[in-house]
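Have a look at the structure below, then the notes.
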Amino acid sequence: MKIQINRTILSVALLLVFVAFLAALRFQATHSVAQGIVLMGEGSDLGGITYQRSQQLLDDYFQRLSQEKITFDLDGNIVELSLAELGVSFDSDATVERIREISYGKSLLSHYGMRLTHIFKDTEVSPVYQIDQNRLIGKLQTAFPILQGAMEAEINYDEAGNPFVVEHQDRLTTDFQAIITAIPVAINSPGKQYRLAIESTPSLAKYQTVNAESDLLILEELLKREINFTVTPPTEEEKPYIYKTKILPNWIIVRNGELNFSEDIIAAFISENIAPNIDQEVQNAIISTLPEEGSNFAIVEGIAIDGRKIDIESTIDRLKQALQNNENQVEIEVQHIPSKIENHTGENLGSLEHLGQGRSGFWGSAIGRKANIKKGLTEKVNNVLVAPGEEYSFNSNLGPVTNAAGWYNADAIFNGDELIPVPGGGLCQVSTTVYRAALNANLEILERYPHSLYVLYYEEFGNGLDAAIYPGHKDLRFKNTTDNYLLVQAHVDGDFGYVDIYGTPTGDKVELLGPIYSGRVPEQFQELVNPRWNEISWIQKITKSDGTIELNPINSRYRTAPRKVYPYSG
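This is the structure:
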């Protein structure tokens with residue numbers, strides 16, 4: 000019984016010793032390479048050395064290996080290139096890690112399975128490397144330029160901007176992927192002269208010289224053409240914006256008779272040369288304080304001015320269509336950006352949306368007249384607030400019209416046909432601009448007088464839609480027929496005056512039809528208007544929210560014929 004126990008203890012002890020021995024061997028693999036591991040190609044036995052030492056050996060070996068040359072043979076043309084030149088780079092860190100994984104094994108069982116295998120044969124570890132394929136292909140094409148493939152014909156430009164044809168060249172090509180696949184053979188055969196025959200195939204140009212010469216004729220005709228970029232104004236009285244330019248060489252590529260457009264380049268041209276003349280930043284206004292007692296003027300920060308911006312993408316599409324249709328006119332697409340009136344008063348003033356605008360021009364006016372118009376618009380019209388149901392009176396906001404009040408002397412019409420310089424001459428231009436805005440806003444006109452003398456200044460933006468005023472005698476009045484407040488804003492841009500009226504829309508749409516002259520009345524309006532030789536008529540067409548239409552005739556009578564007979568200098 001005692002002997003049996005001793006044998007059991009001895010067996011257990013031997014087993015523990017054996018397991019400890021095996022564990023020690025595996026532990027050893029954490030610091031040094033297992034026996035029987037050799038580097039593929041080089042053949043060196045790495046077994047027993049530390050991983051740090053193996054990395055030093057690999058660094059030296061990879062440095063030598065990168066200088067190994069491959070001999071390339073293309074139809075008898077011989078070129079030798081090293082692995083380094085071909086873009087082959089070796090990774091000693093990754094190779095050591097691969098050796099460590101093999102030495103240590105994923106488990107105790109796999110580790111000793113590997114050790115058992117090493118009794119009969121060595122385990123070869125291949126180097127870890129990468130191939131820069133682009134560099135390899137580029138190096139071979141540099142060594143053998145014929146392998147660069149066919150060079151297509153193309154159209155270039157000389158320093159003067161004249162187009163010419165670069166002829167095509169047929170060449171050769173090869174299966175570069177097959178060459179890349181063969182590289183590992185050279186890597187794993189160091190010290191041996193590795194020779195690789197390059198098999199080439201013809202590479203023919205698809206776009207040949209004859210095609211380019213045909214396209215050159217098309218391009219030369221295009222480059223002779225002039226393109227007019229235009230913006231058509233909303234009324235016939237306004238002059239369109241026109242930008243004329245030749246077609247630039249870098250705009251178009253002609254390929255096999257088809258036009259291909261360099262849209263980024265065209266977009267940059269439009270942005271740099273046309274957009275600065277068209278684009279306008281939107282400006283908003285803020286009503287901060289209501290009018291004080293006895294005043295009609297609110298305190299408003301800023302002038303609400305709509306913005307606009309060229310839709311470059313749409314404009315390019317129109318350019319492409321024009322060129323393809325052999326046209327030279329391109330209408331610029333302009334996006335409208337509406338301005339906003341913000342109400343910070345705490346009172347409900349309505350939505351304050353744009354209802355209507357009046358415009359007039361005063362170029363050619365004397366300095367004093369221009370100054371009076373600007374003063375009248377910016378100081379006596381701008382920021383008037385009209386409550387619902389209340390009347391707007393132009394004269395009530397003027398105050399004293401005297402030199403002492405800052406008004407200049409300028410010509411005004413008296414006695415029907417006399418021009419006399421008086422303080423505030425030119426204020427009729429201001430009242431005319433307000434009148435046109437009120438018509439477009441569909442407000443009820445209570446009092447308005449045309450000039451007794453036809454005046455050229457009011458021809459643009461509404462010939463015959465003028466409103467004469469003279470304090471104490473003639474006024475311009477309209478009524479706020481909406482259910483909410485109206486804000487009147489006015490500003491000057493160059494020699495143009497603008498009046499905009501904001502409020503809550505009623506849903507009605509206004510269209511002013513005219514001017515209508517004597518003997519030229521459209522048939523559909525002959526029952527409404529019949530202007531005489533010295534009259535101009537208009538029709539205010541109002542389309543109600545329910546679809547019904549209201550036609551209101553407007554008639555202006557002058558002592559002279561409505562033609563350019565009084566371009567007076569005042």
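Under numbering that gives the first Met the number 0, the first residue of the sequence shown is numbered 0, with each subsequent residue one higher.
Heads up, the beta-carbon is just placed ideally off N, CA and C, and yes, glycines get one too.
None of these values were measured; they are calculated from a predicted model.
Ranked by Cα distance from residue 223, the first of 442, 371 and 161 is 161. Beta-carbon to beta-carbon, residue 515 and residue 477 are separated by about 23 Å, too far to satisfy the 8 Å threshold. Per the DSSP secondary-structure output, residue 230 pairs in a beta bridge with 240. For the options 347, 399, 54 and 558, the alpha carbon positioned closest to that of residue 482 is the one of 347. Per DSSP, the beta bridge partners of residue 408 are 422. Following the DSSP letters along the chain, one finds residue 368 inside the alpha helix (DSSP H) bounded by residues 366 to 374. Taking each of 158, 154 and 159 in turn and checking the Cα distance to residue 165, the smallest one comes out for 154. Bounds of the beta strand (DSSP E) holding residue 549 are 548 to 556.
Taking 8 Å as the cut-off, the beta carbon of residue 495 is found no closer than this to the beta carbon of residue 368.
Note on geometry: alpha-carbon atoms of residue 376 and residue 432 lie some 9 Å from one another. If you check the CB distance, residue 329 and residue 317 come in under 8 Å. The bridge partners DSSP lists for residue 472 come to none.
Per the Cβ contact rule, the stretch 192 to 211 is in contact with the stretch 171 to 182 (3 or more Cβ pairs under 8 Å). Beta-bridge partners assigned by DSSP to residue 306: 336.
In this structure, residue 72 sits away from residue 254, with a CB-CB distance that is not shorter than 8 Å. Residue 51 and residue 83 have their C-alpha atoms spaced approximately 25 Å apart.
Residue 144 counts as exposed, since fewer than 16 other beta carbons sit within 10 angstroms of its beta carbon. Residues of the same chain with a CB within less than 8 Å of the CB of residue 479, apart from the 5 flanking positions on each side, are 385, 386, 387, 388, 389, 390, 391, 442, 485 and 502 in chain order.
Selection 534, 549, 552 and 263 evaluated against residue 558 yields 534 as nearest (Cα-Cα).
Only residues of its own chain outside the window of five on either side were considered, and among them 86, 175 and 179 have a CB closer than 8 Å to the CB of residue 132, listed in chain order.
The C-alpha of residue 79 is placed about 46 Å away from the C-alpha of residue 258. For residue 359, the uninterrupted beta strand (DSSP E) segment begins and ends at 352 to 360.
Only residues of its own chain outside the window of five on either side were considered, and among them 81, 82 and 83 have a CB closer than 8 Å to the CB of residue 66, listed in chain order.
In this structure residue 500 is buried. Its beta-carbon is surrounded by 16 or more other beta-carbon atoms within 10 angstroms.
In the three-state DSSP reduction, residue 536 falls in the strand class (E or B). DSSP places residue 60 in the uninterrupted alpha helix (DSSP H) bounded by 50 to 64. CA-to-CA, the gap between residue 262 and residue 268 works out to about 10 Å. In the three-state DSSP reduction, residue 379 falls in the helix class (H, G or I).
Distance from the CA of residue 98 to the CA of residue 137, rounded to the nearest whole angstrom, comes to 34 Å. For residue 508, the uninterrupted beta strand (DSSP E) segment begins and ends at 508 to 515. For residue 46, the CB contacts under 7 Å within the same chain, skipping 5 residues up- and downstream, are 32, 33, 34, 35 and 36 in chain order. Using a Cβ distance threshold of 8 Å, residue 423 and residue 400 count as a contacting pair. Taking 8 Å as the cut-off, the Cβ atoms of residue 56 and residue 43 count as close. Listed in chain order, the beta strand (DSSP E) runs fully inside the stretch 257 to 334 are 257 to 260, 284 to 288, 298 to 300, 306 to 309 and 328 to 330, counting runs of at least 3 residues. Distance from residue 511 to residue 527 at the Cβ level is roughly 14 Å; contact not present, criterion being Cβ atoms closer than 8 Å.
Each residue's CA atom was taken as its position, placing residue 473 and residue 383 some 20 Å apart.
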